[in-house]
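A.B. asks:
Protein chains in written order, with my numbering: chain V, 1298 to 1760; chain Y, 15 to 346.
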């Protein structure tokens, strides 16, 4: 009788979400049935990734605080702290785009970013620091600057901290932990609850956590890339698309877009790539597969299929980070061009220099993120770091060369003109070694445009 | 079946594009301007009234001769052939990109390249493209006459016994491929070099989608080079620009006109190569090849015979320049 009642409740909840999932194939990452044997709690669905969304919100908030020139204590409260009562600084309600949650605890309690940061060595910055140590250092340095920017080194800490956090926490945790060792046969098995009393099995939760870190709205497959982009930007005209359950507010847990999902959308809306939907589809396929095991341990065949979906997610996720490296290398190239022109004309280069630093910070943050994917990049990593260096090349042809006693030390470097050319090589490296296809800010785009303007058609015509 | 339908659509669109796109040689606008110029010239030089000038220019024995009819047939049939061959050819973009990356690897971009404004960069690019493209046309054209194995294909163009603007299509597909490769090489190199030097400030100055210089010369009657109207620019200008009369000399059967005026637009290359011949408003030439047979206008002959000639030349000469002119004795 109890069993019958339970199944009625589950069926009702599934119907309410509008996405039949038991035995079917969900289009929305929601309403997955509870498969834990003998579950006696009150939950009606098994997916859970609020901890990951809390970290997205902490990241967004920390980024905003750094850019506002907040104290180290304030930013660390979001980065390292776990104290209750933290207000969400970003995303917050905007005109035409109200959000549901205003406090981090409303999403998940006791979460921080530093505890999940990559513990491996990061060779793209000086000092031989781990990912976690580097983030600590960057936060300290950021607090000593005005609004997160140090003109002496060219470091835009807001961008460095943000983009590297996305790599060292979200990307690393998802691809190097949840979609890697935690998919092992004897780790977080599917025939046991993740923890005593939980509504989800070990494998269900591991998979959900990886999905959470990607940062996509649960209903991504019902949206276009441009719509997801609009949601992340909190555009008023995207509200209806975001508010999937029509409750008049955007849930920061299930209806918002963050981090790499936002970047995937930004590339995909150009029409050349489908990172967002490919990754989310693989997450859905994997989750449906786990649900279909109905609380039993995954067979070798099922686990192998699951690893296949994980492989798609990992490779696409890595490539989309490489797309970001490609894009910002192009931005830096253009910034140096502008700087050279302004300097040549003895103009005011302050704004151009600031843009250069901002784009370099984004470029470096994403480049460092590639190191945090648990894959040895080998020669590609060496080339990447050598082309990019430890800092932007500054106007006097100097560049950060070392970290001595906690201070960045500069030495002479290649000229800015040569550094600009290195950005071309960097873009080529992303094409050759990662196969990027969206290619935003392609410095060679003009080649294709010119070829088009000349016409490609072959004609048998004489003189 | 779907493939066939798409192919037919592409064919049709290519054909209509020939007269509707400013980047094409026989664009309707260029043909109209050429016809107007020709009629004005006939009224001025030959003292004909308007109707007589129109009648003379559009006379049936030129436009509907056996030779011209085969030009039209080749125009129709070469289009799908070239559509099939296009994907096999060197891509301009691949070449331009590889030139760009090679230069970036090995050469430091000169500082002066930042000093030139976008407008002047585009003027320079458009002019360079026009000049280098024209020079390469001259050189390839010269080779087509000098190398018997190539002449075997180019002679198809010279079997035209009456000239109309559509004689440009009297071209063997093998020659079309060679011209395509030449164009890809020139454009690929120049695009690669210019984008390396000037980044995103390079654009093509164009009119109706065509290089502004080419479009200007097309509007000024370059189509009349293949026409019955022998317009000469006079010796002074013909030292710099190839006139219709000069190109008609290139098609002349007369021995003294053989291997003259290989140039397309610019006459300087012919001066340098000692192949320049001045035209005359009163010249009266016979076109085609000596000892030409009537079947030279049949499609099978036009397409197939060049391969036989080429094979003969290759067997006898192993493609040594100038050594086997006797293999085909009618070289103009």
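No residue lacks a Cβ here, since even glycine has one placed at the ideal position from N, Cα and C.
In this text the structure is predicted, and so the values were computed from the model without any measurement.
Can you look up residue 1707 of chain V in the DSSP assignment and give me helix, strand or coil?
C.D. replies: Here residue 1707 of chain V sits in strand by DSSP.
A.B. asks: How would you label residue 1335 of chain V, buried or exposed, when you count the other beta carbons within 10 angstroms and need 16 or more for buried?
C.D. replies: It is exposed - the Cβ of residue 1335 of chain V has fewer than 16 other Cβ atoms within 10 Å.
A.B. asks: Quick check: the Cα distance between residue 251 of chain Y and residue 1657 of chain V, rounded to an integer number of angstroms?
C.D. replies: When rounded, the distance between both Cα atoms is 56 angstroms.
A.B. asks: What in chain Y is Cβ-close to residue 1748 of chain V, meaning under 9 angstroms?
C.D. replies: Per Cβ cutoff of 9 angstroms: 105, 106, 107, 110, 201, 202 and 205.
A.B. asks: How long is the line joining the alpha carbons of residue 50 of chain Y and residue 106 of chain Y, rounded to whole angstroms?
C.D. replies: Spanning the two alpha carbons is a distance of roughly 36 angstroms.
A.B. asks: Check whether chain V comes within 8 angstroms of residue 214 of chain Y, counting only Cβ atoms and requiring the distance to be less than that.
C.D. replies: With 8 angstroms as the cut-off, residue 214 of chain Y counts as an interface residue toward chain V.
A.B. asks: Between residue 285 of chain Y and chain V, is there a C-beta pair that is closer than 8 angstroms?
C.D. replies: Not closer than 8 angstroms to any Cβ of chain V, the Cβ of residue 285 of chain Y fails to qualify, so no.
A.B. asks: Can you have a look at residue 165 of chain Y and say buried or exposed, based on whether 16 or more other CB atoms are within 10 angstroms of its CB?
C.D. replies: Its Cβ being crowded by 16 or more others within 10 Å, residue 165 of chain Y is buried.
A.B. asks: Please name the residue in V:1354, V:1508, V:1443 and V:1717 whose C-alpha comes closest to that of residue 1611 of chain V.
C.D. replies: Of the candidates V:1354, V:1508, V:1443 and V:1717, the one whose C-alpha sits nearest the C-alpha of residue 1611 of chain V is V:1508.
A.B. asks: Is there contact here, the stretch 1406 to 1416 of chain V with the stretch 1376 to 1389 of chain V, by at least three beta-carbon pairs under 8 angstroms?
C.D. replies: Yes, they touch.
A.B. asks: Buried or exposed: where does residue 15 of chain Y fall if 16 or more other Cβ atoms within 10 Å of its Cβ makes it buried?
C.D. replies: Result: exposed.
A.B. asks: For the alpha helix (DSSP H) containing residue 1556 of chain V, list its first residue and its last residue.
C.D. replies: Its alpha helix (DSSP H) spans residues 1556 to 1565.
A.B. asks: Under DSSP, the beta strand (DSSP E) around residue 1696 of chain V begins and ends at which residues?
C.D. replies: Per DSSP, residue 1696 of chain V belongs to the beta strand (DSSP E) from 1695 to 1701.
A.B. asks: Quick one: list the residues of chain Y neighbouring residue 1715 of chain V, beta-carbon separation under 8 angstroms, in chain order.
C.D. replies: Under the 8 angstroms cutoff, chain Y gives 122.
A.B. asks: Inspect the beta-carbon positions of residue 1556 of chain V and residue 1562 of chain V and report whether they are closer than 8 angstroms.
C.D. replies: No, Cβ-Cβ distance for residue 1556 of chain V and residue 1562 of chain V is not below 8 angstroms.
A.B. asks: Would you identify the three-state DSSP class for residue 136 of chain Y, choosing helix, strand or coil?
C.D. replies: In this structure, residue 136 of chain Y counts as helix in the three-state DSSP scheme.
A.B. asks: Between residue 277 of chain Y and residue 152 of chain Y, how many whole angstroms is the CB-CB distance? I'm expecting something under 8 angstroms.
C.D. replies: Their Cβ separation, rounded to whole angstroms, is 5 angstroms, which keeps residue 277 of chain Y and residue 152 of chain Y in contact under 8 angstroms.
A.B. asks: Could you compute how far the alpha carbon of residue 1350 of chain V sits from the alpha carbon of residue 1404 of chain V?
C.D. replies: Computed Cα separation, rounded: 7 angstroms.
A.B. asks: Give a yes or no on whether the minimum CB-CB distance between residue 1741 of chain V and chain Y is below 8 angstroms.
C.D. replies: At least one chain Y Cβ lies under 8 angstroms of residue 1741 of chain V.
A.B. asks: If we cut at 8 angstroms on Cβ distances, does residue 189 of chain Y have a partner in chain V?
C.D. replies: Answer yes: the Cβ-Cβ gap between residue 189 of chain Y and chain V drops below 8 angstroms somewhere.
A.B. asks: Buried or exposed for residue 1614 of chain V, going by 16 or more other Cβ atoms inside 10 Å?
C.D. replies: Buried.
A.B. asks: If we define contact as Cβ-Cβ less than 8 angstroms, is residue 182 of chain Y a contact residue for chain V?
C.D. replies: Closer than 8 angstroms to some Cβ of chain V, the Cβ of residue 182 of chain Y qualifies, so yes.
A.B. asks: What does a CB cutoff of less than 6 angstroms around residue 176 of chain Y pick up in its chain, not counting 5 residues either side in sequence?
C.D. replies: Within the same chain, residue 176 of chain Y has close Cβ partners 76, 79, 81 and 82.
A.B. asks: Using a 10 Å radius around the Cβ and a threshold of 16 neighbouring Cβ atoms, would you call residue 1463 of chain V buried or exposed?
C.D. replies: Counting Cβ neighbours within 10 Å, residue 1463 of chain V comes out buried, since at least 16 surround it.
A.B. asks: Go through its chain and collect everything with a Cβ distance to residue 62 of chain Y's Cβ below 7 angstroms, but skip five positions before and after it.
C.D. replies: For residue 62 of chain Y, where only same-chain residues beyond five positions count, the Cβ hits under 7 angstroms are 56 and 70.
A.B. asks: Do we get a CB-CB distance below 8 angstroms when we pair residue 301 of chain Y with the residues of chain V?
C.D. replies: No, no contact with chain V.
A.B. asks: Return the chain-ordered list of same chain residues with a C-beta closer than 8 angstroms to the C-beta of residue 1713 of chain V, the five sequence neighbours on each side being excluded.
C.D. replies: Excluding residues within five positions, the ones whose Cβ falls inside 8 angstroms are 1633, 1636, 1637, 1690, 1692 and 1694.
A.B. asks: Touch check for the stretch 1532 to 1550 of chain V and the stretch 1587 to 1601 of chain V: three-plus C-beta pairs under 8 angstroms?
C.D. replies: As far as the Cβ criterion goes, the stretch 1532 to 1550 of chain V does not touch the stretch 1587 to 1601 of chain V, which means the pair count is below three.
A.B. asks: Within the same chain, show all residues whose beta-carbon is closer than 7 angstroms to that of residue 38 of chain Y, passing over the 5 residues directly before and after it, in chain order.
C.D. replies: Taken in chain order, the residues that qualify are 31 and 32.
A.B. asks: Within a Cβ cutoff of 7 angstroms, which residues of the same chain sit near residue 142 of chain Y, ignoring the five residues on either side of it in sequence?
C.D. replies: Excluding residues within five positions, the ones whose Cβ falls inside 7 angstroms are 204.
A.B. asks: For the stretch 143 to 163 of chain Y against the stretch 282 to 292 of chain Y, do three or more pairs of beta-carbon atoms, one drawn from each stretch, fall closer than 8 angstroms, so that the two count as touching?
C.D. replies: Touching, per the Cβ criterion.
A.B. asks: If we ignore side chains and look at the alpha-carbon of each, how far apart do residue 1686 of chain V and residue 1649 of chain V end up?
C.D. replies: The alpha-carbon atoms of residue 1686 of chain V and residue 1649 of chain V are separated by roughly 20 angstroms.
A.B. asks: With a Cβ-Cβ cutoff of 8 angstroms, do residue 1357 of chain V and residue 1395 of chain V count as a contact?
C.D. replies: No.
A.B. asks: In whole angstroms, what is the alpha-carbon distance linking residue 149 of chain Y and residue 1458 of chain V?
C.D. replies: Going from the Cα of residue 149 of chain Y to the Cα of residue 1458 of chain V covers about 56 angstroms.
A.B. asks: Between the stretch 1442 to 1462 of chain V and the stretch 1657 to 1667 of chain V, do three or more beta carbon pairs fall short of 8 angstroms?
C.D. replies: Counting Cβ pairs under 8 angstroms, three or more are found: they touch.
A.B. asks: Along chain Y, in chain order, which residues have C-beta atoms closer than 9 angstroms to that of residue 1735 of chain V?
C.D. replies: Per Cβ cutoff of 9 angstroms: no residues; residue 1735 of chain V is ~17 angstroms from chain Y at best.
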